[in-house]
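Residue numbers for the sequence shown follow our numbering, beginning at 28 and rising by one.
Some notes on the structure that comes next.
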Amino acid sequence: VKSSFWTHQMKIPVFIGEYHHIFHGVDPDLKKMIGLAHSKRYPFFLGFNFFEFTKSYWKPPGAHGHNPEWEYGLFQYGDCILMDMNWTGNVYTVWDLKPQFDKKGNSLPAKLMEAYGAGPDLPSELKHDGMSCKS
């Protein structure tokens, strides 16, 4: 593919900083985008960042009590308080994480991991098997 930003004189890589399509399932997009990032046909395409890690609860609801930006995020907070964390003099509540789902009912973390060739189970870093709810 010819590109004005990837020539013999100049090489500017492309990275999609915020990807997450909320109006349909993510399964075909994720696999295709990873394939494009690995393709020799698009040497300038480095990949993408899935937007965003957790649902943005801090964004206020709209006139109808909903905010479409709440649809973004791989995870949402669960109902289990794991601990309170003191960070620079402020105390923050640490909640467990639960997967968000796309419009087709697919677990977003599972689909992202499958697109990268991993199994659908969460990595051990995201499990809290050794922790129990604070109360």
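All C-beta atoms in this analysis are idealised placements derived from N, C-alpha and C, irrespective of residue type, glycine included.
Could you tell me the distance, in whole angstroms, from the CA atom of residue i to the CA atom of residue j?
| i | j | result |
| --- | --- | --- |
| residue 114 | residue 103 | 22 angstroms |
| residue 84 | residue 97 | 7 angstroms |
| residue 101 | residue 130 | 13 angstroms |
| residue 31 | residue 39 | 9 angstroms |
| residue 77 | residue 47 | 6 angstroms |
| residue 128 | residue 54 | 11 angstroms |
| residue 29 | residue 37 | 13 angstroms |
| residue 89 | residue 56 | 29 angstroms |
| residue 70 | residue 42 | 11 angstroms |
| residue 112 | residue 147 | 30 angstroms |
| residue 58 | residue 161 | 38 angstroms |
| residue 73 | residue 139 | 17 angstroms |
| residue 145 | residue 136 | 11 angstroms |
| residue 95 | residue 117 | 30 angstroms |
| residue 107 | residue 149 | 18 angstroms |
| residue 75 | residue 158 | 32 angstroms |
| residue 110 | residue 124 | 13 angstroms |
Under DSSP, the beta strand (DSSP E) around residue i begins and ends at which residues?
| i | result |
| --- | --- |
| residue 43 | 41 to 46 |
| residue 74 | 72 to 77 |
In the DSSP assignment, the alpha helix (DSSP H) including residue i goes from what residue to what residue?
| i | result |
| --- | --- |
| residue 148 | Note, residue 148: premise wrong, no alpha helix (DSSP H); not H, not E. |
| residue 67 | That residue, residue 67, is in no alpha helix (DSSP H); it is neither H nor E in DSSP. |
| residue 37 | No alpha helix (DSSP H) contains residue 37, which DSSP labels as neither H nor E. |
| residue 140 | 135 to 142 |
* Asked: Pairing CB atoms from the segment 84 to 95 with CB atoms from the segment 56 to 64, are three or more of them under 8 angstroms?
  -> No: fewer than three Cβ pairs fall under 8 angstroms.
* To do: Scan the segment 91 to 118 and note each continuous beta strand (DSSP E) run of 3 residues or more that stays entirely inside, going in chain order.
  => As for any beta strand (DSSP E) of minimum length 3 sitting wholly inside the segment 91 to 118, the runs are 102 to 114, ordered along the chain.
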